[in-house]
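So the sequence lines, in the order shown, correspond to chains A and B. Everything in the first sequence is counted per my numbering, starting at 12 for the first residue and increasing by one. Everything in the second sequence is counted per my numbering, starting at 97 for the first residue and increasing by one. Note that the Cβ used here is the ideal one computed from N, Cα and C, for glycine as well.
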Amino acid sequence: MPVQTAHDGELALADLLDRALNKGVVLWGDATISLAGVELVYVGLRVLVASCSTMEKYRSSPRKGSMPIARGES
Amino acid sequence: MLYVYGIADNAFEVLRGAGLLNSDVFAVPAGCLAAAASKLAQGGIETTPQGVWRHEQVLRQLMQDHAVLPLRFGTICRDRETLTDRLMEASDDLVRGLGRVRGKVEIALRIVDEREHEAHPVPSETPTVDAIGGGRGTAYLRARRRHHAAEMGREARAERVGKMLSAYIDVGAEDLVCSVAPEGDHAVSVSCLLGRDQLATLQAALERFQSDHPAIGLSWTGPWTPYSFVAPSLFGVGLP
Numbered sequence: 012m013p014v015q016t017a018h019d020g021e022l023a024l025a026d027l028l029d030r031a032l033n034k035g036v037v038l039w040g041d042a043t044i045s046l047a048g049v050e051l052v053y054v055g056l057r058v059l060v061a062s063c064s065t066m067e068k069y070r071s072s073p074r075k076g077s078m079p080i081a082r083g084e085s
Numbered sequence: 097m098l099y100v101y102g103i104a105d106n107a108f109e110v111l112r113g114a115g116l117l118n119s120d121v122f123a124v125p126a127g128c129l130a131a132a133a134s135k136l137a138q139g140g141i142e143t144t145p146q147g148v149w150r151h152e153q154v155l156r157q158l159m160q161d162h163a164v165l166p167l168r169f170g171t172i173c174r175d176r177e178t179l180t181d182r183l184m185e186a187s188d189d190l191v192r193g194l195g196r197v198r199g200k201v202e203i204a205l206r207i208v209d210e211r212e213h214e215a216h217p218v219p220s221e222t223p224t225v226d227a228i229g230g231g232r233g234t235a236y237l238r239a240r241r242r243h244h245a246a247e248m249g250r251e252a253r254a255e256r257v258g259k260m261l262s263a264y265i266d267v268g269a270e271d272l273v274c275s276v277a278p279e280g281d282h283a284v285s286v287s288c289l290l291g292r293d294q295l296a297t298l299q300a301a302l303e304r305f306q307s308d309h310p311a312i313g314l315s316w317t318g319p320w321t322p323y324s325f326v327a328p329s330l331f332g333v334g335l336p
């Protein structure tokens, strides 16, 4: 089993954000965005993602010959 | 106001303090289904990485005993009645969706083939009209054509990786989704849906893949809740 490195948490977070923010079931499109405060929530998340430039750089350059398994939290 | 995490195949005991901002997560039953929800705290939604992890942890906890469809992070609902009505409306689709993911998890793979970089460089950004020069109409069409060609190249690359992987990983074509991020990201992202009991087999398959293709960079994370294998348009609504 490959050794988990310090970067694994960042990679796992990137994969989680990619899924939880962009995928998954959307219960209702209109109601969600029309409720007060939710637009702010989405703006907040974009800021959060934009601030992770280092993480994104890592995402696009996996290490050769390694297969980190990240099961835990960042 | 309720925050909704996902939809389970039946009701469950309250998960004390497991939700966002340590809220209790309870079942909102609707026929044979149940939504996992918590009361939205005064502070609203926890829009931090920890908040997203919490969302995922609730779903993982439920997945230990149930089939679960994950909802997109940030889903809220006015009240129990509204939520129940929505679930009842889409009951058939939800049951079908739950059947597909029952007992399965998602694995995220990331693959970079250095040889692909050299053979098929992807433009770092879409060329602008000004950068190309000449008549604006012609320049615009050229820019569009280059952009389209780059998109086609990414799709072809994702398809090639998908074919390579399918020779190693024993899952159906519909359970292996490959994509290349737009604009300059050379890595191919792969989402794979497989049974919990297949994880060790997957690990062995990926090690074989790596051994056979040493020039290819490979990393993976998971298991995740199966976000990539539920239809966002399940309810026939547009994305927010």
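Min CB distance residue i to chain B below 8 Å
i            : result
residue 64/A : Any answer about residue 64/A is weak, because its pLDDT of 42 lies below 50 and its placement is not dependable; what the coordinates show is given next. No, residue 64/A does not count as interfacial toward chain B.
Below-8 Å beta-carbon distance, residue i vs any chain A residue
i             : result
residue 182/B : yes
residue 275/B : no
residue 168/B : yes
residue 171/B : yes
residue 151/B : yes
residue 111/B : no
residue 324/B : yes
residue 125/B : no
residue 165/B : yes
residue 187/B : no
residue 204/B : yes
residue 262/B : no
residue 148/B : yes
residue 315/B : yes
residue 100/B : yes
DSSP bridge partner residues for residue i (one or two, in chain order)
i             : result
residue 303/B : Per DSSP, none; premise fails for residue 303/B.
residue 202/B : 289/B, 320/B
residue 125/B : 130/B
residue 119/B : Looking at the DSSP assignment, residue 119/B forms no beta bridge with any residue, so it has no partner.
residue 135/B : 98/B
residue 104/B : 130/B, 164/B
residue 209/B : 312/B
Between the CA atoms of residue j and residue i - distance to the nearest angstrom
i             : j             : result
residue 94/A  : residue 297/B : Lying before the first or after the last residue shown, residue 94/A is absent from chain A, which here runs from 12 to 85.
residue 115/B : residue 238/B : 51 Å
residue 128/B : residue 182/B : 14 Å
residue 166/B : residue 192/B : 14 Å
residue 288/B : residue 257/B : 13 Å
residue 138/B : residue 122/B : 18 Å
residue 107/B : residue 251/B : 41 Å
residue 299/B : residue 315/B : 11 Å
residue 321/B : residue 154/B : 10 Å
residue 276/B : residue 118/B : 36 Å
residue 205/B : residue 286/B : 5 Å
residue 312/B : residue 149/B : 30 Å
residue 303/B : residue 260/B : 14 Å
residue 189/B : residue 327/B : 10 Å
residue 110/B : residue 157/B : 11 Å
residue 245/B : residue 268/B : 29 Å
residue 37/A  : residue 174/B : 15 Å
residue 249/B : residue 241/B : 12 Å
residue 164/B : residue 233/B : 51 Å
residue 186/B : residue 308/B : 46 Å
residue 120/B : residue 136/B : 10 Å
residue 112/B : residue 236/B : 58 Å
Whole-number beta carbon distance between residue j and residue i, since they are thought to touch under 8 Å
i             : j             : result
residue 318/B : residue 247/B : Contact doesn't hold; Cβ gap of about 28 Å is too wide.
residue 264/B : residue 35/A  : About 28 Å separates the two Cβ atoms, so there is no contact after all.
residue 24/A  : residue 145/B : 6 Å
residue 141/B : residue 99/B  : 6 Å
residue 274/B : residue 254/B : 4 Å
residue 162/B : residue 105/B : 5 Å
residue 124/B : residue 180/B : 6 Å
residue 103/B : residue 131/B : 5 Å
residue 196/B : residue 305/B : Their Cβ separation, rounded to whole angstroms, is 25 Å, which puts residue 196/B and residue 305/B out of contact at 8 Å.
residue 169/B : residue 32/A  : 6 Å
residue 290/B : residue 271/B : 7 Å
residue 208/B : residue 126/B : Not quite, the Cβ-Cβ distance comes to about 44 Å (not below 8 Å), so this is no contact.
residue 199/B : residue 292/B : 6 Å
Any non-hydrogen atom of the ligand NAD closer than 7 Å to residue i Cβ
i             : result
residue 162/B : For the ligand NAD, the structure offers nothing, since it holds no ligand at all.
* Asked: Using a Cβ cut-off of 9 Å, which residues of the stretch 285-306 of chain B contact any Cβ in chain A, in chain order?
  -> 285, 287, 299, 302, 303, 306
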